[in-house]
Amino acid sequence: MTWKIETKCLQEGYKPGNGEPRVLPVYQSTTYKYDSTEHVAKLFDLSVPGHMYSRISNPTVECVENKIAALEGGIGAVCTSSGQAASLLSILNICKAGDHFVCSSTIYGGTLNLFDKRLSEMGISITFIDQDASEEEIQKTFQYNTKALFGESIANPKISVLDIEKFARIAHKNKVPLIIDNTFATPMLLRPFEYGADIVIHSTTKYMDGHALCVGGVIVDSGNFNWESGNFPGLTEPDESYHGMIYTRDCGKAAYITKARVQLIRDFGCYMSANNAFLLNIGLETLHLRMERHCRNAEKVAGFLAGSDRILSVSYPYLKDDPYHDIAGKYLPEGCSGVVSFRIKGGREAAVRFMDKLKLAAIVVHVADCRTAVLHPASSTHRQLSDEQLVLAGIDPGLIRFSVGIENVEDIIEDIRQALED
Ligand SMILES: *Cc1c(COP(=O)(O)O)cnc(C)c1O
0 MTWKIETKCL
10 QEGYKPGNGE
20 PRVLPVYQST
30 TYKYDSTEHV
40 AKLFDLSVPG
50 HMYSRISNPT
60 VECVENKIAA
70 LEGGIGAVCT
80 SSGQAASLLS
90 ILNICKAGDH
100 FVCSSTIYGG
110 TLNLFDKRLS
120 EMGISITFID
130 QDASEEEIQK
140 TFQYNTKALF
150 GESIANPKIS
160 VLDIEKFARI
170 AHKNKVPLII
180 DNTFATPMLL
190 RPFEYGADIV
200 IHSTTKYMDG
210 HALCVGGVIV
220 DSGNFNWESG
230 NFPGLTEPDE
240 SYHGMIYTRD
250 CGKAAYITKA
260 RVQLIRDFGC
270 YMSANNAFLL
280 NIGLETLHLR
290 MERHCRNAEK
300 VAGFLAGSDR
310 ILSVSYPYLK
320 DDPYHDIAGK
330 YLPEGCSGVV
340 SFRIKGGREA
350 AVRFMDKLKL
360 AAIVVHVADC
370 RTAVLHPASS
380 THRQLSDEQL
390 VLAGIDPGLI
400 RFSVGIENVE
410 DIIEDIRQAL
420 ED
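Just so you know, we're using numbering that gives the first Met the number 0 here: the sequence shown kicks off at 0 and counts up by one.
So this is what it looks like as structure tokens:
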């Protein structure tokens, strides 16, 4: 039987047997006990399923990985200690010093910094592109050593919508995978694999958790990409650090995601903890309900803001005159998430005054939480970016990122109304 996605939120992942706990247990253990050395050897050979050490896998985390893989329609997933770790490993799994990848410039500031600064220090070069540029323009940035194309389905905080099919065409023409950060959309609103993406990553810290409880991330593999073009020796040649394993030969469709776990997660040590996975799972059980309410509330908030003479512009693709309205109609028919960006008349100063007057909406360095929250990117999350980079990332110094929660929307709008008054 194939379940609908709402049912998967509750029923996938942990499937208790007769007499077992109803709720996913927290397997709070670093280690696992075996009856024979032979069994341990088989575990290391990956010839039997099981767990060796909680830096590499853990039964609680595994259930959550299986649930997220089911929600995205992938063949496997690996949870990481943060969204940043997921972005980093998604690239490092296929790029080494001397390689290059192409990335939309309209991405989360933390990712931009990680890619632009840390990865280039490590010898991996990157070309940032305007995601709305033509296929021909984007094609020009591909080089002989390009290994991936990266973008965000709904960009944080510009709230632009990516043409995933266009990106997939460009990536596949160049025999490289398309990696999509699907954090804001979540699989409830958009499943990038259905449009040709090969790898999906998330900061689970945001809507998936939904309650601002734990920082986390996940990498999901569609299992669809052909790694055997000669472009990805890390997957097709023996891994000397893993007794000669050839991931494509030994793991088939799960080559990428297996390598990410047994090589990168093992060596870098950035796996999710069992406790955090337990909490994330509780969040995932209501993801479908929360996303629906986030979207309906945000549509009303965006409509209110668009009608206010104090507001310069509102970015929310649901709005008819938003530049991403048509493309959202294709990729986000059920809603555009709860995040609305807008600019107040009066620039940076007016933005700060507005934020300080809010009573319900809390000033936090967070987004995509069940409680309404507000943030000024230029003075917080994107503080490290130059003005030029801010513009590239689609961020005006007066931009406010408003994360609409699941409270009664009339209370949220009333709060905004009073804060806009003189
Ligand atoms: C927050 C965020 C990240 C980074 O995730 P952390 O869990 O904070 O490390 C990556 N991508 C997007 C779109 C985000 O919003």
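For each residue, glycine too, the CB sits at the ideal point set by N, CA and C.
- By alpha-carbon distance to V339, the top candidate from N144, T285, A372 is A372.
- As computed with DSSP, D180 is found in a beta bridge with E151, I200.
- Look at I399 here: in three-state DSSP terms it is strand.
- In the structure shown, the three-state DSSP call for F141 is coil.
- Of I158, N296, I128, the smallest CA-CA separation from I399 is found for I158.
- With contacts defined as CB atoms closer than 9 Å, K66 and E19 fail to qualify as a contacting pair.
- If you draw a 10 Å sphere on the C-beta of K258, you find 16 or more other C-beta atoms in it, and that means buried.
- M244 sits in a strand when the DSSP states are folded into three classes.
- Contact between the region 183-193 and the region 38-52 is absent: fewer than three C-beta pairs spanning the two stretches fall below 8 Å.
- Distance from the Cα of K32 is smallest, within the candidate group L42, M121, L23, for L42.
- Residue side-chain check: S86 places its Cβ nearer than 8 Å to a non-hydrogen atom of ligand 1.
- By the CB criterion at 9 Å, A154 and I178 fall outside the cutoff.
- 9 Å or more divides the Cβ of G334 from the Cβ of C369.
- Here DSSP, grouped into helix, strand and coil, assigns Y270 to strand.
- One alpha carbon belongs to G397, the other to Y206, and they sit about 25 Å apart.
- Under DSSP, R342 shares a beta bridge with S312, L398.
- One Cα belongs to H365, the other to G108, and the distance between them is close to 13 Å.
- Distance from the Cα of S202 is smallest, within the candidate group E193, D238, F192, A184, for A184.
- Annotated three-state conformation of Y194 is helix, per DSSP.
- Between the alpha carbons of A85 and H171 lies a gap of roughly 22 Å.
- Counting of Cβ neighbours within 10 angstroms places Q417 among the exposed residues, the total staying below 16.
- In the three-state reduction of the DSSP assignment, K146 falls in the strand class.
- Taking 8 Å as the cut-off, the C-beta of E71 does not count as close to any heavy atom of ligand 1.
- With the rule of 3 Cβ pairs closer than 8 Å, the region 304-320 counts as touching the region 337-353.
- Boundaries of the alpha helix (DSSP H) harbouring V63: 58-71, taken from the DSSP string.
- The beta carbon of I74 sits closer than 8 Å to those of A68, D220, S221, G222, K252, A253, I256, all from its chain and outside the five residues before and after it, given in chain order.
- Within the model, the alpha-carbon separation for D414 versus P376 is close to 20 Å.
- Spatial neighbours of I128 in its own chain (CB-CB distance under 8 Å, excluding positions within 5 residues in sequence) are listed in chain order as V101, C102, S103, S104, E136, I137, T140.
- A distance below 7 Å between beta-carbons, with the five flanking residues on each side excluded, links V351 to the following residues of its chain, in chain order: H375.
- Taken through DSSP and simplified to helix, strand or coil, D414 comes out as helix.
- Per DSSP, T6 is one residue of the alpha helix (DSSP H) stretching across 4-10.
- In terms of Cβ geometry, R260 and V63 do not form a close pair [threshold 9 Å].
- At a threshold of 8 Å, S81 counts as near ligand 1, since its beta carbon sits closer than that to one of the ligand's heavy atoms.
- The Cβ-Cβ distance between L419 and R309 falls below 9 Å.
- Annotated three-state conformation of Y317 is coil, per DSSP.
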